[in-house]
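Q: One structure, pasted below without further comment.
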Amino acid sequence: MSGITIKHVTMVKAYLRYEPAASFGVIASVDSNIAYDSSGKHLLSPALEKIGVWHVRQGLCTKTLTPSAPSHGPSPAVTSIASSSSSLIAGGYGDGSIRIWDSDKGTCETTLNGHKGAVTALRYNKADSLLASGSKDNDIILWDVVGETGLFRLRGHRDQVTDVVFVGSGKKLVSSSKDKFLRVWDLDTQHCMQIVGGHHSEIWSLDTDPDERYLVTGSADKELRFYVIKHESVDGGEPVNGGGDSSVQNKWEVLRHFGEIQRQSKDRVATVQFNRSGNLLACQVAGKMVEIYRVLNDAEAKRKAKRRVHRKKEKKHSKEALEGTENGDRNNENKGDDSSVTHGHIETSNPSVIVPDVFKLLHTIRASKKICSISFCPITLKNSLASLALSLNNNLLEFYSIEHGEMKKTLGIDLQGHRSDIRSVTLSSDNTFLMSTSHNAVKIWNPSSGSCLRTIDSGYGLCSLILPTNKYGLVGTKDGTIEIIDIGSGTCLEVMEAHGGSVRSMAALPAKNGFVTGSADHDVKFWEYQIKQKPGQATKQLIVSNVSTMKMNDDVLVVAISPDAKYIAVALLDSTVKVHFVDTFKFFLSLYGHKLPVMCMDISSDGDLIVTGSADKNIKIWGLDFGDCHKSIFAHADSVMAVRFVPKTHYVFSVGKDRLVKYWDADKFELLLTLEGHHADIWCLTVSNRGDFIVTGSHDRSIRRWDRTEEQFFIEEEKEKRLEEMFEADLENAFENKYAPKEEIPEEGAVALAGKKTQETLTATDLIIERLDIAEAEKKRIIEHQEEKNNTDIAVFQANPLMNGLSPSDYVLSAFSDVHSNDLAQTLLSLPFSDALKLLAYLKDWTSYSDKVELVCRIGTLLLQTHYNQLLTTPAARPILTVFSDIFYEKVKGWKDIFGFNLAAMDHIQQMMASRSDALFHDASSKLLEIRAQQSKRLEERSDIGEVKRKKKKT
């Protein structure tokens, strides 16, 4: 027995993971535009990382387009959207990516990566085949929507691109920027053909009318600037609207300055937009105003110009007549000036049209809050010129009907979200209701579905509490009042004057019909409530009365009650926490250690621990028995705003102004999880009574639910994950800083590749290189086996099990199955020349697959463009290129003929269907005419019989 040693095996503790489950409360984001879909029935409204599809008539969000969660970090917010004439929607995000959504299916069709900064402008061409995007990285990228790939990148702007628009039947692109210049790009030759100056400040928006006659720009200048768009003639002659000047300078002039219109508002322009019919122009400023201009047609503009010239002439004559009566010599001069009068008649007959003759101010919309974005409805309703949707910065959507004489507000969508940030959230005892407070309203939510059940007007609610009966809620306000809310009816029953200062905190007394409030007036008040019938009232109501008051030495920030109702902890403005006995108010402990005031605290279910969170970014875990600090943890990068224990555990959740939710083990003092999702400061937190989910409220006006899953995790694994993420982030930053070209001022009109290097492209390149090496080794083994087989009888060839039974050619081809079309160029760009030469040798075998011809053509073209000079000087590449050219031309021509034949056949079928429908229509119309003729004859016969009968009666 002496030789036996006993080893103590320590079990590694496992925890259950929490993951994002739902987010609700956001109707419209502040940092993005809104847009109608092609049908005009739905409005697309970005809500942080999501895009909500709102049915305008019903006022309901029928669909939500949500991107898949990233591997680490929060999902980027939507910064720009554009809708096509089909069901496709383009959404630009804060990380520079663009997602193409199908609004009917609610799925993401593709993701385009190319920009290094947030996408600020998106625009489809009229055929919906091209998509132009502008970004904070000063670049413009043109995307092939059908091929799901980037065509090229246009560089030249010195600052953020703010807007883009296609002109000239989609052959040219006009872009605006914060560098105060407009640029006109020729998309065929991929160069900047015109730079338009004249603006004195940053250009924020531009748009063209549907006929592409005028282009309008909006900036911080006092006026709107208008340009006439010149179009190339079909027969190659002089440009349309080009005038008679055929100099070299005017040859490249696409935009010609037309004039300006003085704006009503002094704020900078945020959006200018024509409606679909082109008879209205909306100018939205970065304030509360939208100016609506009516666009007159040519005849109206000419009549207005004639009236203007006529009025000017009359004023001139009246002025001259007045001066002539005062001075006879002046009168004689006027009599002899007959030529000027006749010249005036000539001007009046055909005057030149200026901008005020075309654009006339019709209405001005003044909203209640600052306007973020506008969008015209593509469908015009009866008795109205257009419908306009507005998104406001207080999480609100408004709809207006524009008529000739007046402007009507038709709808407002506001119930599904708070007007400002959420300051407190609290759950009912059975977790069926969630109550949230804001600066002017209290909302009751269903936490599982995220639907808003009740909205009650209130004061500025800082704290809230739902009583155990789940019928009443209490709200402590900034004005020092306590509001009693009836949850069932959604009404405020009573507003009590409770404190002389703002009510900062509220806590329920366990196992008692009471609660405690702490206020900035240095008081902690104990309250009792009971449900009884008031005199003179038929129904029972909640009656709240003050029982006792405890005076403190400073402003009270937080109060917390121990589960046995023995102690009350009070956090004061002097950064200390005082613990008193509840029954006698006698002082028990003082928790001192925070450098800044304690913003939040909570006591565990067993009463052993108290955790405090402070503005000094730390959380401290204390023992409630002796008041000793067990651990001080640097928890967040900013102030800690809320901490909560999971019931019946020592696990703690904390939230802060650094937008993070953190999950801690208060016994081991270890960080378990970091949950990311919010886009602004997190103000409040609540945990369900079973700990199966938590709810957070934020300054971004969203309420998010995080659910506990059945997936287990271990602390060491999470630590390794966090270290790997930090390492990858450092590598990416180092890669960008070392290898990325630092082009602070790009070349004038430079063109570059559309994509960008990402972790996915580098991984795909490594996979291709690895499979090329395995395939080359396998080909050598096959050749050696064939030689040995010819000499002697040997066993059957054993293929490499890594190749899954594929041939070397097919094995290399399978590496491209997961490479996205948009990432193909960057993936091949990272290949060394030796591997690129190997890859070219496989293209001949791949052309035998009919469905791979397009992919093979793209690979071959990209490799030839990238390694052109080296291929010319490499003798080994000549036989590969010779075979390559012969086979490719034949295959591409064959598929082109097939597509042409199919298109011609479909056109022929369409013509046959149309002719049949015309014949059917003709037959049906002739039958209708025969029936009508027969009916008319019968009526005539009946009328004749009637006349005969009447004559008989008379006789």
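full-length UniProt numbering applies: residue 1 is where the sequence shown begins, and numbers increase by one. Virtual Cβ for every residue (Gly too), placed ideally from N, Cα, C.
(1) For PRO832, which of LEU427, ILE27 and GLN870 has the nearest alpha-carbon?
(2) If you compare alpha carbons, which of GLY613, LEU591 and PHE901 is closest to ASP628?
(3) With DSSP as the reference, label HIS636 as helix, strand or coil.
(4) Would you list, in sequence order, the uninterrupted beta strand (DSSP E) runs of no fewer than 3 residues that lie entirely inside the segment 570-629?
(5) From which residue to which residue does the beta strand (DSSP E) around SER654 run?
(6) Give the single residue among TYR214, GLU212, LYS230 and GLY198 whose Cα lies nearest to the Cα of ASP221.
(7) Please go through the same chain and pick out, in chain order, the residues whose beta-carbon is closer than 6 Å to the beta-carbon of CYS61, but skip the five residues on each side of it.
(8) Mind checking which residues open and close the beta strand (DSSP E) that includes ALA82?
(9) Near PHE714, what residues of its chain come up, given a Cβ to Cβ distance below 8 Å and the 5 sequence neighbours on each side ignored?
(10) Is it true that the CB of GLU406 sits closer than 8 Å to the CB of LEU361?
(11) One question on the structure: do PHE152 and VAL751 come within less than 8 Å of each other, judged by their Cβ atoms?
(12) With respect to the beta strand (DSSP E) encompassing SER809, which residues constitute its N-terminal and C-terminal limits?
(13) I need the DSSP call for ASP773, collapsed to helix, strand or coil.
(14) Apart from the five residues just before and just after ASP102, which ones in its own chain have a Cβ nearer than 7 Å to its Cβ?
(15) On the CB-based measure, 16 or more other CB atoms within 10 Å of its CB, does residue 961 come out buried or exposed?
(16) Hey, quick one: how far does the alpha helix (DSSP H) through ASP835 stretch, first residue to last?
(17) Whole angstroms are fine: how far does the CA of TRP143 sit from the CA of ASN125?
(18) Is GLN597 buried or exposed, if buried means 16 or more other CB atoms sit within 10 Å of its CB?
(19) Ignore the nearest five residues each way along the sequence and tell me which others in LEU154's own chain have a CB closer than 6 Å to its CB.
(20) Just to confirm my understanding: we take ASP179, look at its own chain, exclude 5 residues before and 5 after, and list those with CB closer than 6 Å. What are they?
(21) Suppose the cutoff is 6 Å on Cβ atoms and the five residues either side in sequence are ignored; what does the same chain contact list for PHE226 look like?
(22) Could you check whether VAL556 and HIS522 sit closer than 8 Å to each other, using their CB atoms as the reference points?
(23) Can you tell me whether ARG690 is buried or exposed? The criterion is at least 16 other CB atoms within 10 Å of its CB, across all chains shown.
(24) Using the beta-carbon count (16 or more within 10 Å), is MET912 buried or exposed?
(25) Note the first and the last residue of the continuous beta strand (DSSP E) segment covering CYS377.
(26) Which same chain residues, not among the five before or five after ALA836, have their C-beta less than 8 Å away from its C-beta?
(27) Please name the residue, chosen from LYS551, LYS319 and LEU509, that lies closest to ALA564 on a Cα-to-Cα basis.
(28) Is the Cβ-Cβ distance between GLU398 and GLY417 less than 8 Å?
(29) How about LEU465 and PHE515: are their beta carbons less than 8 Å apart?
(30) Using CA atoms only, rank isn't needed, just tell me which of SER201, SER169 and TRP204 is closest to LEU187.
(31) Are there 16 or more other CB atoms within 10 angstroms of the CB of ARG366, so buried, or fewer, so exposed?
(32) Thinking C-alpha only, which one of ALA775, SER850 and ASP818 is nearest LEU839?
(33) For the putative contact between PHE359 and LEU281, defined by C-beta atoms under 8 Å, what is the C-beta separation to the nearest angstrom?
(34) Flag ILE768 as yes if its beta-carbon sits less than 8 Å from any beta-carbon of chain C, otherwise no.
(35) Under 8 Å between the Cβ atoms of residue 957 and ILE422?
(36) Of all the options ILE485, TRP445, HIS404 and THR576, which has the alpha carbon lying nearest to the alpha carbon of ILE543?
A: Reading from the atomic positions:
(1) Selected option, being the one with the closest Cα: GLN870.
(2) Nearest C-alpha to ASP628 among GLY613, LEU591 and PHE901: LEU591.
(3) In the structure shown, HIS636 sits in coil (DSSP, three-state: anything other than H, G, I, E or B).
(4) For the segment 570-629, whole beta strand (DSSP E) runs of length 3 or above, ordered along the chain, are 577-581, 587-591, 598-603, 609-614 and 618-623.
(5) Taken as a continuous stretch (DSSP letters only), the beta strand (DSSP E) holding SER654 covers 651-656.
(6) Residue GLY198 holds the alpha-carbon nearest to the alpha-carbon of ASP221 among TYR214, GLU212, LYS230 and GLY198.
(7) The residues are GLY52 and TRP54.
(8) The continuous beta strand (DSSP E) containing ALA82 extends over residues 78-83.
(9) Taking PHE714 as the centre and dropping the five residues before and after it, the same chain places the C-beta of VAL12, LYS13, ALA14 and TYR15 closer than 8 Å to its C-beta, in chain order.
(10) Going by C-beta atoms, LEU361 is not nearer than 8 Å to GLU406.
(11) Contact: yes.
(12) For SER809, there is no enclosing beta strand (DSSP E); the enclosing alpha helix (DSSP H) has its first and last residue at 808-813.
(13) Helix.
(14) Excluding sequence neighbours, ASP102 sits near SER87, LEU88 and GLU109.
(15) The structure shown does not extend to residue 961, since the chain is modelled only from 1 through 955, so no value can be given for it.
(16) Note, ASP835: alpha helix (DSSP H), 833-846.
(17) Computed Cα separation, rounded: 11 Å.
(18) In the sequence as presented, Gln is not what sits at residue 597; that position holds Pro. Label assigned to PRO597: buried.
(19) Its chain contains ILE140 and TRP185 as the residues whose beta carbon lies nearer than 6 Å to that of LEU154, once the 5 sequence neighbours on both sides are disregarded; these appear in chain order.
(20) Within the same chain, HIS157, ARG158 and ASP159 come within 6 Å of ASP179 by CB-CB distance, once the 5 residues on both sides are set aside.
(21) Excluding positions up to five away in sequence, the list reads TYR214, VAL216, PHE258, GLY259 and VAL355.
(22) VAL556 sits close to HIS522, with the two beta carbons spaced by under 8 Å.
(23) That one is exposed.
(24) Exposed, since its Cβ has fewer than 16 Cβ neighbours within 10 Å.
(25) Judged by DSSP secondary structure, CYS377 falls outside any beta strand (DSSP E); it is assigned neither H nor E.
(26) In chain order, LEU828, LEU863, THR866 and HIS867 place their CB closer than 8 Å to the CB of ALA836, counting only its own chain and leaving out the 5 sequence neighbours on each side.
(27) The sequence shown places Asp at residue 564, rather than the Ala named in the question. If we check each option's Cα against that of ASP564, LEU509 comes out closest.
(28) Judged by beta-carbon spacing, GLY417 lies beyond the 8 Å limit of GLU398, meaning their Cβ atoms are not closer than that value.
(29) Yes, they are a contact pair.
(30) Out of SER201, SER169 and TRP204, SER169 has the C-alpha closest to the C-alpha of LEU187.
(31) With fewer than 16 other Cβ atoms from the protein chains shown falling within 10 Å of its own Cβ, ARG366 counts as exposed.
(32) Of the listed residues, the one whose Cα sits closest to LEU839 is ALA775.
(33) Their Cβ separation, rounded to whole angstroms, is 6 Å, which keeps PHE359 and LEU281 in contact under 8 Å.
(34) Absent here is chain C; the protein component of the structure consists of one chain.
(35) Within the shown structure, residues of the chain are numbered from 1 to 955, placing residue 957 beyond reach of any answer.
(36) The shortest Cα separation from ILE543 among ILE485, TRP445, HIS404 and THR576 belongs to ILE485.
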